[in-house]
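The next block holds one structure in the form of structure tokens; read it before the comments.
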Ligand SMILES: [Zn+2]
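In my numbering, the protein residues as written are 5 to 465.
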């Protein structure tokens with residue numbers, strides 16, 4: 005939404021905000037779902053029982069088609085291969101290992117040249133995203149790609165857990181659905197188009213949790229999806245208030261779930277917890293089955309686990325998730341470095357759920373910290389401040405104290421005081437009254453697991 009529209013939206017009384025959100029939701033529904041959705045979802049479920057040989061055949065066909073299209077029709081890659089040829093390099097583009105690893109930074113700078121030249125952008129959507137790493141990226145996709153993704157989502161993220169898009173559900177997310185300064189309910193908006201209660205992750209706090217729990221009950225939500233940290237906080241509040249909640253399932257995304265967090269959510273919401281892995285680039289995804297295994301979705305992306313020099317690591321050893329997206333043939337991401345860390349099982353066994361999808365043994369990414377504001381709000385995943393209009397390569401938010409923050413940025417060409425001012429203002433808008441400094445650095449350190457952390461809290465809790 006544009007900032008002008010956002011202003012109008014925030015000035016509306018709550019019932020009209022729901023009307024606006026619903027109107028937007030109906031548009032999204034028409035774009036995401038169609039007559040083909042159920043058929044595509046059924047096909048996806050069928051593939052879950054394929055033999056390794058069937059997967060291999062399917063994958064090599066998809067890859068061959070994708071790599072050829074990328075080398076021929078995608079300006080960035082066409083140029084890349086032309087240069088290799090001019091240097092006397094005869095390596096085949098039909099072999100994935102001959103392709104370079106793609107960095108988010110490259111994608112961000114060359115976005116336009118990653119879209120195939122036979123695409124009509126007027127018929128596509130462009131999603132502005134900061135991903136989960138603070139590197140903003142624009143992603144283009146056709147309606148067919150969007151629908152393929154949402155059909156998979158329906159089959160697995162919902163279908164595996166016995167719920168559907170037609171059920172009433174809640175999402176705890178970082179979109180600014182109510183004005184930030186709001187101190188009384190509603191901290192959510194009902195989106196009739198998607199049967200969805202959008203609960204603001206930006207207002208979750210000790211003084212608001214009772215209202216959130218009432219809203220979940222009052223709206224008769226069957227399942228909740230959202231950031232682990234926010235959901236754990238609400239579950240804890242439910243337990244402390246002895247509030248009885250009985251959902252069908254709680255689905256987490258974006259952050260790792262520890263055993264302790266899982267237990268709190270299971271007890272607080274009275275249902276199983278399922279972990280999912282995905283990214284706005286829709287180039288890799290995984291979901292936890294009822295047997296507790298995190299299954300990769302090979303039809304979304306071909307995943308390689310590589311070390312820091314991009315050599316394959318043995319199964320059982322953690323490495324970077326490098327993925328080749330198999331859904332979006334119009335903006336191919338080939339050997340894309342997700343900057344997430346995982347390992348494949350050293351000794352893979354068939355899963356008791358019966359699905360033959362490969363399993364991720366250990367997902368080490370995404371254990372981001374939480375920011376706690378002076379007024380007690382708990383902010384997660386507020387990387388939205390690193391918008392694609394900023395001249396930065398990457399950014400990180402460090403909370404020094406309850407009222408002091410530092411934003412570290414690695415600037416890119418064009419960086420100026422305007423960018424710094426915008427960052428400061430955007431963060432202040434979310435955290436409230438606090439001192440925010442912007443520090444320009446050459447490099448942002450990774451954690452021991454090689455994981456980039458977007459939020460670092462130096463507050464001892
Ligand atoms: Zn399984």
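Ideal Cβ positions, reconstructed from N, Cα and C, are used throughout, including at glycine.
Just so we're clear, the structure is a prediction, and the values are computed from it rather than from any experiment.
Option in 239, 260, 298 with minimal Cα separation from residue 250: 239
Span separating the alpha-carbon of residue 78 from that of residue 118: A direct Cα-Cα distance of roughly 6 angstroms separates residue 78 from residue 118.
Residue ranges of each beta strand (DSSP E) within the stretch 159 to 207, 3 or longer: 173 to 177, 192 to 195, 200 to 204
Spatial neighbours of residue 274 in its chain, beta-carbon cut-off 6 angstroms, leaving aside the 5 residues before and after: 249, 250
Beta strand (DSSP E) segments (min. 3 residues) lying fully within the stretch 406 to 461: 408 to 415, 439 to 444, 459 to 461
Three-state class that DSSP yields for residue 278 in the structure shown: strand
For residue 362, the nearest candidate out of 376, 289, 162, 411 (CA to CA): Ranking the options by Cα distance to residue 362, first place goes to 289.
Within 6 angstroms of ligand 3: residues by beta-carbon to any heavy atom: Because ligand 3 does not appear in the structure shown, any question about it cannot be addressed here, the ligands present being ligand 1.
Given residue 19 as reference, the closest of 316, 169, 407, 190 once Cα atoms are compared: 190
Beta-carbon contacts of residue 286 that lie in its chain and below 6 angstroms, excluding the five residues immediately before and after: Closer than 6 angstroms at the Cβ level, and outside the excluded window around residue 286, lie 153, 331.
Test item: CB-CB of residue 389 and residue 375 under 8 angstroms: no
Unbroken beta strand (DSSP E) run spanning residue 492, endpoints: Lying outside 5 to 465, the shown extent of the chain, residue 492 is not represented and no answer is given.
DSSP beta-bridge partners of residue 146: 128
One or two residues paired with residue 306 in a DSSP bridge: Beta-bridge pairing links residue 306 to 328.
CB contact flag (residue 481, residue 252, <8 angstroms): Outside the displayed range of the chain (5 to 465) lies residue 481, so it cannot be described from this structure.
Inter-residue Cα distance where the pair is residue 80 and residue 113: One alpha carbon belongs to residue 80, the other to residue 113, and they sit about 11 angstroms apart.
7 angstroms CB neighbourhood of residue 30 in its chain, flanking five on each side removed: 197
Status (buried if at least 16 other CB within 10 Å, exposed otherwise) for residue 17: exposed
Cβ neighbour criterion (16 or more within 10 Å) applied to residue 354: exposed
Candidates 426, 336, 255, 49: closest to residue 159 by CA position: 49
C-alpha distance - residue 425 paired with residue 111, whole-angstrom precision: 25 angstroms
Rounded straight-line distance, which links the Cα of residue 90 to that of residue 36: Here the C-alpha atom of residue 36 lies approximately 43 angstroms from the C-alpha atom of residue 90.
Given 8 angstroms, three or more beta-carbon pairs between the stretch 216 to 224 and the stretch 419 to 436: no
Backbone CA spacing between residue 204 and residue 335 [nearest angstrom]: Counting only the Cα atoms, residue 335 lies some 31 angstroms from residue 204.
Residue 67 and residue 100 closer than 8 angstroms at C-beta: For residue 67 and residue 100, yes; Cβs fall inside 8 angstroms.
Buried or exposed by the 16-neighbour rule on C-beta atoms within 10 Å, applied to residue 296: exposed
Cβ shell of residue 173 (< 8 angstroms), same chain only, five flanking positions each side left out: These residues qualify, in order along the chain: 167, 199, 200, 201, 225, 226, 227, 228, 229.
8 angstroms Cβ cutoff met for residue 161 and residue 255: Taking a C-beta distance under 8 angstroms as the contact criterion, residue 161 and residue 255 qualify as a contact pair.
Identity of the residue in 140, 143, 223, 342 nearest residue 171 by Cα: Nearest C-alpha to residue 171: 223.
Contacts around residue 115, its chain only, beta-carbon distance under 6 angstroms, and the 5 residues preceding and following it disregarded: 142
Top-ranked residue by Cα proximity to residue 3, from 88, 95, 303: This structure gives no information on residue 3, because the portion of the chain shown stretches from 5 to 465.
With 16 other Cβ atoms within 10 Å as the buried cut-off, status of residue 447: The residue is exposed, with fewer than 16 neighbouring Cβ atoms inside 10 Å.
For residue 12, the first and last residue of its enclosing alpha helix (DSSP H): Element bounds for residue 12: 7 to 15.
Straight-line Cα distance separating residue 53 from residue 371: Summary for residue 371: the model assigns pLDDT 42, below 50, so the residue's position carries little reliability; its value from the coordinates is reported in the next sentence. Near 31 angstroms, if we compare the C-alpha coordinates of residue 53 and residue 371.
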